[in-house]
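In UniProt numbering, the protein residues as written are 1 to 298.
In what follows, a structure is listed as structure tokens, so that the remarks can point back to it.
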Amino acid sequence: MLGATNLMRSHTQTSHIRLKRTFVVVTVAREKFITPGPKKDTKKQKKIKFDPTDELWKSDINLNEDITKALGGVALLEKERKSGDPFKQRAYENAIYIITSYPARIISGAEAKKLQGIGSSIANKIDEILKTGTCESLKEKQEDAELFETFSQVFGVGPVAAKRFVDKGYKSISDLANDPDLTDMQRLGIKYVDDFKLMIPKVEAQGLIHYVQDVLKELSPAYIGIACDGHRRELSETNSLYMAITHPNYTSSPSTDPGRLLLDLTDALTDLGFLTDHISSGILKYWVRWESIEGSTI
DNA sequence: GAGACGGCGCATTATA
DNA sequence: TATAATGCG
DNA sequence: GTCTC
1 MLGATNLMRS HTQTSHIRLK RTFVVVTVAR EKFITPGPKK DTKKQKKIKF DPTDELWKSD
61 INLNEDITKA LGGVALLEKE RKSGDPFKQR AYENAIYIIT SYPARIISGA EAKKLQGIGS
121 SIANKIDEIL KTGTCESLKE KQEDAELFET FSQVFGVGPV AAKRFVDKGY KSISDLANDP
181 DLTDMQRLGI KYVDDFKLMI PKVEAQGLIH YVQDVLKELS PAYIGIACDG HRRELSETNS
241 LYMAITHPNY TSSPSTDPGR LLLDLTDALT DLGFLTDHIS SGILKYWVRW ESIEGSTI
């Protein structure tokens, strides 16, 4: 979402709509958003750096599948245990990606450790995997890790809630529905768990965008609404839909109060029956559920 | 050995 | 009741 | 968890 936001710049403060199958997200970009961050310098060391564009790394098959599989399980476990440290998680994903691309069979942890992104901890685990075929820690808690992953699929359920559900002994997503402490977002996440997995064909997305644009124009001809992200990139289907809306009166320099910019739109769309469920609502960000309207050309 | 690894809006809960 | 912290996408 | 300083 932020990537799309970065496309909006200059002196026009921007509102943002995102439709994810049945959901719409509206965000108003802020000035600090808009400034692109500094480029990070990638300095290389004596370690071998992974470069997916290099011929050297061209490998069609994963010669180390046993290792990457086991590491994937460990990563999942680690994620569950720590309630999801995002950096640790990324470190594992990165290492697994590198090893998957590695064009030779790894015969020791030390060999793998020469690669940038693999340190002593993972190197040790690789030795264990090579020796025993698996990782000790994997054996018992694998089911928990898998449940953790399942629950994490639910919109609104992050690492903390997922772990709580595992600890409560839930075995499936339908078990979650009876939990007394669900947030509104999680209730919707459960209700639409399958819906979220659907892709939006391009034609449908175009219809949705035009629909929103028409409503927008009725509110004020000066309103501007454009599609972003996947649709902007001409993908044949997307799993989410972003729109940015703005108005000439709404500028970021000096910044003006976005006021009812979003609420007017979302109210109108709700009155029309286009939006049904509201995930969150603010003057800067609005998430709602939409439904195709009977008889419309969508 | 310590800090970076993206930053932010909204909802919810914890704390003053 | 006001503010801070947490969880989440 | 790995990398950099």
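The C-beta atom is built at its ideal place from N, Cα and C for all residues, glycine as well.
Query raised in the report: CA-CA distance, residue 115 and residue 76?
Result: 22 Å
Query raised in the report: Do you know offhand how far residue 61's Cα is from residue 199's?
Result: 28 Å
Query raised in the report: Do you know whose CA, among 274, 167, 278 and 87, lies nearest residue 207's CA?
Result: 274
Query raised in the report: Exposed or buried, what is residue 171 when buried is set at 16 or more other beta-carbons lying within 10 Å of its beta-carbon?
Result: exposed
Query raised in the report: Going straight from the alpha carbon of residue 217 to that of residue 196, what length do you get?
Result: 29 Å
Query - For residue 226, the first and last residue of its enclosing beta strand (DSSP E) - result: 224 to 228
Query raised in the report: Nearest-angstrom Cα distance between residue 281 and residue 265?
Result: 12 Å
Query raised in the report: Should the segment 144 to 160 be called in touch with the segment 99 to 111, which here means at least 3 C-beta pairs below 8 Å?
Result: Segments in contact, no.
Query raised in the report: Which two residues bound the contiguous alpha helix (DSSP H) that contains residue 85?
Result: It is not in any alpha helix (DSSP H) - residue 85 carries neither H nor E in the DSSP assignment.
Query raised in the report: Cβ of residue 158 within 8 Å of Cβ of residue 189?
Result: Result no, Cβ atoms of residue 158 and residue 189 do not sit closer than 8 Å.
Requested in this report: Please determine, among 212, 259, 204 and 193, the residue with the shortest C-alpha to C-alpha distance to residue 236.
Outcome: 204
Requested in this report: Mind checking which residues open and close the alpha helix (DSSP H) that includes residue 190?
Outcome: 184 to 191 is the extent of the alpha helix (DSSP H) around residue 190.
Query raised in the report: What's the call for residue 272, buried or exposed, on a 16-neighbour Cβ count within 10 Å?
Result: exposed
**Report entry** residue 126: first and last residue of the uninterrupted alpha helix (DSSP H) it sits in
**Finding:** 120 to 132
Query raised in the report: Can you tell me where the beta strand (DSSP E) with residue 266 in it begins and where it stops?
Result: Per DSSP, residue 266 belongs to no beta strand (DSSP E); it is in the alpha helix (DSSP H), 261 to 271.
Report task. Note the first and the last residue of the continuous alpha helix (DSSP H) segment covering residue 67. Result -> 65 to 81
Query raised in the report: Looking only at DSSP bridge pairs, what is residue 201 linked to?
Result: 237
Query raised in the report: Quick one, are the C-beta atoms of residue 95 and residue 118 less than 8 Å apart?
Result: Yes; because the gap between Cβ atoms is below 8 Å, this pair is in contact.
**Report entry** For residue 61, the residue or residues it bridges with in DSSP
**Finding:** Beta-bridge pairing by DSSP links residue 61 to no other residue.
Requested in this report: Out of 67, 99, 70 and 68, point me to the one whose CA is closest to residue 51's CA.
Outcome: 99
Query raised in the report: Quick one: what's residue 219 bridged to in DSSP?
Result: Bridge partners of residue 219: none, in fact.
**Report entry** Segment contact flag, the segment 58 to 74 with the segment 128 to 143, C-beta cutoff 8 Å, min 3 pairs
**Finding:** yes
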